[in-house]
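Right, one structure below, let's go through it.
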């Protein structure tokens, strides 16, 4: 039963892949399509990896989507004002780090519930994005050629091109995986997630760790926002907003696959890929957009429900 | 039960796969982030009617406002090797997808999308012509002489071209004087700030007849100017107001027969139909010479507003 619970999502993912492979024999399991999927999901993946860091402590960050939008318009506004590419990127990343730290202080210092604190900052960041951009989309000549070219480029490997965005997401995965699984920092975050009071009594500097974890998440959100802006070679004050719910969904999907139902970086990757594969495959099958959305939601619920087998009876 | 639920979902996928099984009809993907907007629905009505008549297999994809997802769905359509892709989004923002379509030799047609070198053509209304229609209407109505207020918005390129044409038309009449060229604040939609600006102009020009007309590059400033003129009790002075776009509020004002006399309606259904015709041409192997394909617009006045 335990095994079924742990592997049901993975088995389901495998069956979904199988179904698409059978239904789309010529176009689904091709190298180019898989590379496309990796690129299509790269921004969501980075946000989801960043979200995994705070969720390891049992916390949430609802502001990641708004932060992604804000980081994009901050960088683009600086580009439009004539600043250099590095200056714009640094400002975008700095915004993420500071915004995340602000979240962390609200949660760790003032003790505001993460749900409430980040709901507040979600609204603040979103308002700031509108203020910075004047509500407009920044595009065209205002965006440096090299910035848009980054997302279109990649690393050529034997006739194929590994997209820059996919490689960036892979780097983010590596960093979060090492951070959570192979450092005492990560182990302490899980300890906080397990029992905050026990962690505190055991000498874990809970406040500092929580604040810093939110800063990491904010930075990750900003990276994703800049990736998004590069992909569309433009920035508008709402373009990253949709990332937040999907990132939380991906972490939840991942949690159904991990031991102890904890958020794990690699499990989050599986969750993210599942969402991306559904989007890609259902689009290729010409499934109606709204039906596609409905199915994705239903499949998330099915996965989470399957991980509750046995638990709900207890 | 969980596993069975998953199997059920997979079975559902299998059925869908069967539905999408091999077809010989030409396949066209229509990808838009704006399906929920009323205008887009009209484009699609026109497009789908024409597509059905031609026996195409049309897949409409809505990304619910997500521009990056438009790129992703263009990539998926390229993977599927559809015969043509139609987009209804600023092409500069989805260039990454257009590059892939071009590499695969799949034509992309813009449906009121904006011009771009990677589009086979963009089907839209002629902004120059729309502005010329209303500017000429104003010039004729005031007998080629009088003082005129312009409402323009140069930061937005599709509206900026309208202002250029108005300047040119009025500049051709030696007795027409442009007393102000206003760029209203559009944060609130444009009506409220335009009204405030117009109230100031009315205060500065109190004599009846001192303002002959208000030409606006789109409907909202025209509606704001109308409100200001009526609130100042100068609705019977014969100040001629025109807008562009003929939105429902503007049509209502025109129907009332007051100062707001004319606007221009775009033919959204016609744009959808013409887009389908352009798709048919590129599928047939034709290279469309015009980067932009214009669909005629219509001057709306009290005489035809209720048609």
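Protein chains in written order, with this note's numbering: chain A, -15 to 298; chain B, 85 to 391. Glycine is no exception: its CB is placed at the ideal position from the N, C-alpha and C atoms.
Going straight from the alpha carbon of residue 383/A to that of residue 190/A, what length do you get? Because residue 383/A is not part of the residues shown, which for chain A are -15 to 298, the question remains open.
C-alpha gap between residue 186/B and residue 201/B, whole angstroms: Take the alpha-carbon of residue 186/B and the one of residue 201/B: they are about 11 Å apart.
Counting only beta-carbon separations shorter than 8 Å, does residue 284/A have a partner in chain B? No Cβ of chain B is located within less than 8 Å of the beta carbon of residue 284/A.
Taking the alpha helix (DSSP H) that residue 196/A falls in, what are its first and last residues? First-last of the alpha helix (DSSP H) with residue 196/A: 190 to 215.
Below 8 Å on the Cβ atoms is my guess for residue 344/B versus residue 325/B; work out the distance and round it to an integer in Å. For residue 344/B against residue 325/B, the beta-carbon gap comes to about 5 Å, under 8 Å, which counts as contact.
Taking the C-alpha atoms as reference points, what is the distance between residue 223/B and residue 327/B? The alpha-carbon atoms of residue 223/B and residue 327/B are separated by roughly 14 Å.
What are the residues in the region 220 to 243 of chain A lying within 7 Å of chain B by C-beta distance? The region 220 to 243 of chain A vs chain B, Cβ under 7 Å: 223, 226.
If contact means a Cβ-Cβ distance below 7 Å, which residues of the region 18 to 34 of chain A contact chain B? When C-beta distances to chain B are compared with 7 Å, the residues of the region 18 to 34 of chain A below that value are 20, 24, 27, in chain order.
Measuring CB atoms only, is the region 161 to 170 of chain B touching the region 334 to 348 of chain B, in the sense that at least three cross pairs come out at less than 8 Å? No: the two stretches stay apart, fewer than three of their Cβ pairs being nearer than 8 Å.
In chain order, which continuous runs of the beta strand (DSSP E) of length 3 or greater are located wholly inside the region 101 to 160 of chain B? 111 to 116, 141 to 146, all fully within the region 101 to 160 of chain B.
Going along chain B in order, which residues have a C-beta closer than 8 Å to the C-beta of residue 123/A? Contacts between residue 123/A and chain B, judged by CB atoms closer than 8 Å, involve 174, 176, 177 in chain order.
Residue-level contact to chain A via CB, residue 138/B, 8 Å cutoff: Chain A contact via Cβ: absent.
First through last residue of the alpha helix (DSSP H) which encompasses residue 87/A: Counting along the chain, the alpha helix (DSSP H) containing residue 87/A begins and ends at 69 to 92.
Residues of chain B with a CB under 7 Å from the CB of residue 107/A: which are they? Near residue 107/A there are no residues of chain B at all, since even the closest Cβ is about 18 Å away, more than 7 Å.
Distance, Cα to Cα, residue 31/A vs residue 333/B? Straight-line Cα distance between these residues: approximately 42 Å.
Three-state secondary structure (DSSP) of residue 267/B: For residue 267/B, the three-state secondary structure derived from DSSP is coil.
Pairwise C-alpha distance: residue 2/A and residue 84/A: Their backbone Cα atoms lie some 40 Å apart in a straight line.
According to DSSP, is residue 115/A part of a helix, a strand, or is it coil? DSSP places residue 115/A in helix when its eight states are reduced to three.
Please state whether DSSP places residue 66/B in a helix, a strand or coil. The structure shown does not extend to residue 66/B, since chain B is modelled only from 85 to 391, so the question has no answer here.
Which residues mark the beginning and the end of the alpha helix (DSSP H) in which residue 285/B is found? 275 to 288 is the span of the alpha helix (DSSP H), which, as asked, contains residue 285/B.
Using the beta-carbon count (16 or more within 10 Å), is residue 179/A buried or exposed? In this structure residue 179/A is exposed. Its beta-carbon is surrounded by fewer than 16 other beta-carbon atoms within 10 angstroms.
Cross-chain neighbours of residue 135/A in chain B, by beta carbon under 7 Å: What residue 135/A touches in chain B: 180.
Between residue 218/A and chain B, is there a C-beta pair that is closer than 8 Å? For residue 218/A, the answer is yes, since a Cβ of chain B falls inside 8 Å of its Cβ.
On a Cα-Cα basis, can you pick out the residue from -5/A, 233/A, 28/A, 36/A that is closest to residue 170/A? The residue with the shortest Cα to Cα distance from residue 170/A is 36/A.
Beta-carbon proximity of residue 296/B to residue 262/B, cut-off 8 Å: No, Cβ-Cβ distance for residue 296/B and residue 262/B is not below 8 Å.
When we look at the beta-carbon of residue 106/B and count the other beta-carbons within 10 Å, is it buried (16 or more) or exposed? With a pLDDT of 44 at residue 106/B, under the threshold of 50, the modelled position of that residue is not reliable, and the figure given next carries that caveat. That one is exposed.
Cut-off 6 Å between Cβ atoms - residues of its own chain near residue 135/A, not counting five sequence neighbours on either side: Only 149, 214, 215 meet the Cβ criterion.
Let's see if you can read the secondary structure: which residues bound the beta strand (DSSP E) around residue 214/B? Counting along the chain, residue 214/B falls outside any beta strand (DSSP E), though it belongs to the alpha helix (DSSP H) covering 211 to 225.
From which residue to which residue does the beta strand (DSSP E) around residue 234/B run? In the DSSP assignment, residue 234/B falls within the beta strand (DSSP E) that extends over 229 to 235.
Please state whether the Cβ-Cβ distance between residue 151/B and residue 180/B is less than 8 Å. A distance of 8 Å or more separates the beta carbons of residue 151/B and residue 180/B.
Chain A contacts from the region 189 to 208 of chain B (Cβ-Cβ distance under 7 Å): Listed in sequence order: no entries.
If we ignore side chains and look at the alpha-carbon of each, how far apart do residue 312/B and residue 280/B end up? Our two residues, residue 312/B and residue 280/B, have alpha carbons roughly 7 Å apart in a direct line.
Please classify residue 115/A as buried or exposed, where buried requires at least 16 neighbouring CB atoms within 10 angstroms. Result: exposed.
Residue 183/A: contacting residues in chain B (beta-carbon distance under 8 Å): Result: empty, since nearest Cβ-Cβ is about 32 Å, beyond 8 Å.
My output table needs one value for residue 121/A: the three-state DSSP class, helix, strand or coil. Annotated three-state conformation of residue 121/A is coil, per DSSP.
In three-state terms, what does DSSP make of residue 144/A? Here residue 144/A sits in strand by DSSP.
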